[in-house]
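Written out below as structure tokens is the structure these notes cover.
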Ligand SMILES: [Zn+2]
């Protein structure tokens, strides 16, 4: 094999030499230099040992002759020939775009030398892919096969767009094909077995855009079923889990809640609960409630149970997170010397005292003039096994006539909105009624602190510091007490509803 290659190289060199002789002889004819973009450039380049002399090669009739001469070892080198389709584009499996500038396109899958570099492509530049070979993508470049390093290329969909975010996950219900385009008449990229979980990026005319072994393709949507989302993502509590036992009932707040054999999210699923079903809760350890359902013992994640005390105070042992807005370096809304952070802390402290007096376990995200980040407040809630979250704020508007109380809840996929709405409504109505505030109602608002908790979470805007009437109440201790009493009553009302 080695010997054959050597003799071929000698032949090539010999031919090259004769071509150059011809060119040099006719160079006075004023031929233009061959462009590096010329489709034959790389072939010639490969044949010329001394590349500095290469610029002398001219385009035109002589080149055609050169290509003709080359064609006798075409089977070995496969040089591109103008007007002849060397590559079968029906075999393209996808399109990639470069994620970096100057990505090398190589003749072979070898990044150790520069000799095989046939071109480069800048960020956003696109290439058709014929195969994935290890770390390399086999692409077409100037009508010939070439390779780019996979890491720096990102696959696009059939329309040449980025895949975007995963919309959902599906499981194949039978063995199916992944196609280049959303039609079964297009090329099959690969076959996927039954019961394989795949991500869905887009839905196009009954096909799902997915990714199989790193390559995007389209699968028939009807040959899959949606993966039931396991809720919640288990947070990572850092505190010692509080143990609670007593006369407890749990009302399921989401559909398809798993009952597990053991208290962890990978344990065998014994059965699934529907939204609105009740289970007897024997005990709660951290996030896991040991329950009895149809006489069977099991565990469910307590974030998806509304825990109801069957005897005693409805608030007894409930773990409630109270979040005084802003703090420290962040005063929130300020009018004159009045800062939102101070009003929020005052009201929050009073709410906490009232809840604790009723037997609840209350944790405040801050108890002084400090600034926990919004993400820090979410983490705090998770770390403390919070069951509901109430953030307390004061509003501001450029229009000083804007006034009243409004309460926000976040709507996120898989969340139990009805619980959020219940809690928000009870709290909002109590404030409006007891403090005689303008009712700006319960609203959707995806604030970080309430959007990132799986538990019922609300954000209350007590009133407007920018409005003189509201401001008078927000700076009066008797009204502050009324605001706090109202929030407490709203929470009590929430837990009293079975
Ligand atoms: Zn605020």
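In my numbering, the protein residues as written are 207 to 704.
Just so you know, even glycine gets a beta-carbon here, dropped at the ideal spot from N, CA and C.
Note down the Cα distance separating residue 467 from residue 504, rounded to an integer number of angstroms.
The residue given as residue 467 occupies position 261 in the chain shown. The residue given as residue 504 occupies position 298 in the chain shown. Roughly 5 angstroms separates the two Cα atoms.
Taking its Cβ as the centre, do 16 or more other Cβ atoms sit within 10 Å of residue 563, making it buried, or is it exposed?
As a working note, residue 563 is residue 357 in the chain shown. Flag for residue 563 reads exposed.
Stretch pair the region 567 to 583 + the region 604 to 614: three plus CB contacts closer than 8 angstroms
no
Nearest-angstrom beta carbon gap, residue 670 and residue 603 [assumed within contact, 8 angstroms]
In the chain shown, the residue the question calls residue 603 occupies position 397. In the chain shown, the residue the question calls residue 670 occupies position 464. Confirmed, about 6 angstroms.
Just to confirm, does residue 531 get its C-beta within under 7 angstroms of one of the non-hydrogen atoms of ligand 1?
As a first step, residue 531 must be located in the chain shown, where it is residue number 325. Distances taken from the Cβ of residue 531 to the heavy atoms of ligand 1 include one shorter than 7 angstroms.
List the whole-angstrom C-beta distance separating residue 309 from residue 332, where the pair is believed to meet the contact cut-off of C-beta under 8 angstroms.
Counted from its first residue, the chain shown places residue 309 at position 103. Counted from its first residue, the chain shown places residue 332 at position 126. The pair is not a contact, with the Cβ atoms about 11 angstroms apart (cut-off 8 angstroms).
Applying the 10 Å Cβ sphere with the 16-neighbour rule, what's the burial state of residue 703?
For this step, residue 703 is matched to residue 497 along the chain shown. It counts as exposed.
Do three or more CB pairs link the region 415 to 424 to the region 397 to 406 at distances below 8 angstroms?
A contact between stretches requires three or more CB pairs, one per stretch, nearer than 8 angstroms, and the region 415 to 424 meets this requirement with the region 397 to 406.
Can the beta-carbon of residue 537 be found less than 8 angstroms from the beta-carbon of residue 522?
Counted from its first residue, the chain shown places residue 537 at position 331. Counted from its first residue, the chain shown places residue 522 at position 316. No, they are not a contact pair.
Determine the contact status of residue 426 and residue 382, defining contact as a CB-CB distance below 8 angstroms.
Position 220 of the chain shown, counted from the start, is the residue given in the question as residue 426. Position 176 of the chain shown, counted from the start, is the residue given in the question as residue 382. In this structure, residue 382 lies closer than 8 angstroms to residue 426 by Cβ.
Opposite residue 677 in the DSSP bridges: which residues?
Here the question's residue 677 lines up with position 471 in the chain shown. According to DSSP, residue 677 bridges with nothing at all.
Short check: CB of residue 530 to CB of residue 551, under 8 angstroms?
The count along the chain shown starts at 1 and reaches residue 530 at position 324. The count along the chain shown starts at 1 and reaches residue 551 at position 345. Yes, the Cβ-Cβ distance between residue 530 and residue 551 is below 8 angstroms.
Grouping DSSP H, G and I as helix and E and B as strand, with all else coil, what is residue 629?
What you label residue 629 is simply residue 423 of the chain shown in a count that begins at 1. Three-state DSSP puts residue 629 in a helix.
For residue 727, which three-state DSSP category applies?
Examination of residue 727 is not possible in this model, given that the chain is present from 207 through 704 alone.
What I want to know is whether the C-beta of residue 538 ends up closer than 7 angstroms to one or more non-hydrogen atoms of ligand 1.
In the chain shown, the residue the question calls residue 538 occupies position 332. Yes, since a heavy atom of ligand 1 falls inside the 7 angstroms radius drawn around the Cβ of residue 538.
Using only the heavy atoms of ligand 1, determine whether one of them is closer than 7 angstroms to the beta carbon of residue 546.
Working through the chain shown from its first residue, we reach residue 546 at position 340. Residue 546 Cβ: within cutoff of ligand 1.
Please say whether residue 512 and residue 625 have beta carbons closer to each other than 8 angstroms?
Numbered from its first residue, the chain shown carries residue 625 at position 419. Numbered from its first residue, the chain shown carries residue 512 at position 306. It is a contact, given that the beta carbons lie within the stated cut-off.
What runs of the beta strand (DSSP E), each 3 residues or longer, lie entirely inside the region 465 to 521?
475 to 479, 484 to 491, 494 to 499, 502 to 507, 511 to 515
Mind reading off the beta-carbon distance from residue 458 to residue 539? Whole number of angstroms is fine, and I expect it under 8 angstroms.
For the purposes of this step, residue 458 is taken as residue 252 along the chain shown, with counting starting at 1. For the purposes of this step, residue 539 is taken as residue 333 along the chain shown, with counting starting at 1. Their Cβ separation, rounded to whole angstroms, is 39 angstroms, which puts residue 458 and residue 539 out of contact at 8 angstroms.
Is the distance from the Cβ of residue 388 to the Cβ of residue 411 below 8 angstroms?
Locating residue 388 in the chain shown gives position 182, counting from the first residue. Locating residue 411 in the chain shown gives position 205, counting from the first residue. A contact, by the Cβ cut-off of 8 angstroms.
Output the boundary residues of the beta strand (DSSP E) element that contains residue 425.
Numbered from its first residue, the chain shown carries residue 425 at position 219. That run of the beta strand (DSSP E) goes 421 to 426.
Beta strand (DSSP E) segment containing residue 409, residue limits
Within the chain shown, residue 409 is the residue found at index 203, counting from 1. Annotation: the continuous beta strand (DSSP E) that includes residue 409 extends over 408 to 410.
Could you name the residues of the same chain whose beta carbon sits closer than 6 angstroms to that of residue 696, not counting the 5 residues immediately before and after it, in chain order?
Residue mapping note: residue 696 aligns to position 490 of the chain shown, counting from 1. If we look at residue 696 and ignore the five residues flanking it on each side, its Cβ neighbours are 632, 633, 636.
Can you tell me which of 478, 330, 698, 464 puts its alpha carbon nearest to the alpha carbon of residue 361?
Mapped onto the chain shown, residue 361 falls at position 155. Checking every option, the nearest Cα to that of residue 361 belongs to 330.
Would you kindly work out how many angstroms separate the C-alpha atoms of residue 350 and residue 328, rounded to a whole number?
What you label residue 350 is simply residue 144 of the chain shown in a count that begins at 1. What you label residue 328 is simply residue 122 of the chain shown in a count that begins at 1. A direct Cα-to-Cα measurement between residue 350 and residue 328 gives close to 19 angstroms.
Considering Cα atoms alone, identify which of 554, 555, 298, 471 is closest to residue 423.
Residue 423 sits at position 217 when you count from the first residue of the chain shown. The option with the nearest alpha carbon to residue 423 is 298.
Per DSSP, what kind of secondary structure is residue 178 in: helix, strand or coil?
Any question about residue 178 goes unanswered here, given that the chain covers just 207 to 704.
Under 8 angstroms between the Cβ atoms of residue 324 and residue 334?
By one-based count along the chain shown, residue 324 stands at place 118. By one-based count along the chain shown, residue 334 stands at place 128. Their beta carbons are not under 8 angstroms apart, which means residue 324 does not touch residue 334 by this criterion.
Rounded to whole angstroms, what is the Cα-Cα separation between residue 638 and residue 610?
If you number the chain shown from 1, residue 638 lands on position 432. If you number the chain shown from 1, residue 610 lands on position 404. Taking the straight line from one Cα to the other gives about 8 angstroms.
Tell me where the alpha helix (DSSP H) around residue 555 begins and ends.
Taking the chain shown and counting its residues from 1, one reaches residue 555 at position 349. It spans 546 to 563 - the alpha helix (DSSP H) in which residue 555 sits, taken as one unbroken run.
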